[in-house]
Amino acid sequence: MLPAVRFSPFHEQRQVSVINWANFISQCFNGLVLGALLALISSGLTIIYGTLGVLNLAHGAMFMLGGYAGWVAYTYTGSFIVAVIAGSLFVMVVGLVMEQLIIRHFYSRPHEDQLLVTFGLGIVFVEAVRFFFGSLSKTVPPPAPLTGITQLGFMVYPTYRIGLLFIIAVALFLLYWVLYRTRIGMIVRAGIEDAVMVDSLGINVYRVFMLVFGIGAMAAGFAGIVNAPVVSVAPDVGDAILVQTFVVVVIGGVGSFPGAILGGLIAGEIISLTSMVNPAYSYVMLFVAMTLVLVLRPRGLLGSVGRE
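Position 265 of the sequence shown, counted from 1, bears residue number 265 in the UniProt record's numbering, the numbering being contiguous throughout.
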């Protein structure tokens, strides 16, 4: 945040030194990385809501669980790849168990009940992690090939953030391939449109629902561990990311996978570029953008008519 210096002849110089082309381009890169991360998390959330109609307020806690599970795996193995796999699979298993034991009983319940139970589960996850690991943040170093900085010609940039952009792009491509190029993806998308019809075709809809919830949770867990070298893992790290994720889903369109990607990139750039001027207004501008989308296109940028 820029310091508040009143009636100072150096105030204008300080503003000019912070807001320049080099900083602008750097912030654009930061926004791209943050937007890709938000797109990945939001894709899991929008898949869950689009298919099951469940507003999962525990999604931010799953992002946090992925970071902690990966940190534990890295502590014992020293391998970043093992940490990513362990963090993703652990949260996927948590999602499968959560859907099987609890969420399944709330499909036909009002949205208020779904919000309350998932919000409560998120609190349980956060407090359980706080009990076992404490409130101090944990750090996961990036893999050796992605440490240091990279000279891009017009600026230097952390190597891991560049690598993170490609990692998330690959993950989003794999999610897209599963949803749009495989039989299970066809069933999932059919379930989004008409779950009753899918059930009448002899397909076990509840098994598909469980798998969808697990995939959505895994996306959050994967994002949590790959983001750990950028932002330290703490019990409350998922709170802010949950708010941003819901805004992304609203901007992009509920239930739309391409919308989650587009909304994530827009939100990332808004947060990053606003922070360059005044970080205190980054959330304000994010909600302003969401409000404009709701006024001009209530279904979101790429959303379509679907479940209420």
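Think of the CB as a built atom: it goes at the ideal place given N, C-alpha and C, for glycine as much as any other residue. Please read all numbers here as calculations on a predicted model, not as lab measurements.
| Asked | Found |
| --- | --- |
| Other residues of its chain near GLY67: CB distance less than 6 Å, five sequence neighbours each side excluded | GLY224, ILE225, ALA228, VAL233 |
| Spatial distance of VAL250 from THR77 (CA atoms) | 39 Å |
| Residues near PHE90 in its chain [Cβ-Cβ closer than 6 Å; skip 5 each side] | ALA69 |
| Inter-residue Cα distance where the pair is LEU294 and SER79 | 44 Å |
| PRO235 versus ILE270, ILE187, GLY122, residue with shortest Cα-Cα distance | GLY122 |
| Segments of 4+ residues assigned as alpha helix (DSSP H) that fall wholly inside the region 68-152 | 80-101, 111-133 |
| Completely contained alpha helix (DSSP H) runs for the region 185-249, where each covers 4 or more residues | 195-200, 205-226 |
| Check whether ALA39 and ALA260 have beta carbons under 9 Å apart | yes |
| Residue range of the beta strand (DSSP E) that includes PRO158 | 156-158 |
| Delimiting residues of the alpha helix (DSSP H) encompassing GLY259 | 257-277 |
| LEU294: first and last residue of the uninterrupted alpha helix (DSSP H) it sits in | 282-296 |
| Boundaries of the alpha helix (DSSP H) in which THR51 is found, first to last residue | 21-52 |
| Burial state of MET290, where buried means 16 or more other Cβ atoms lie within 10 Å | buried |
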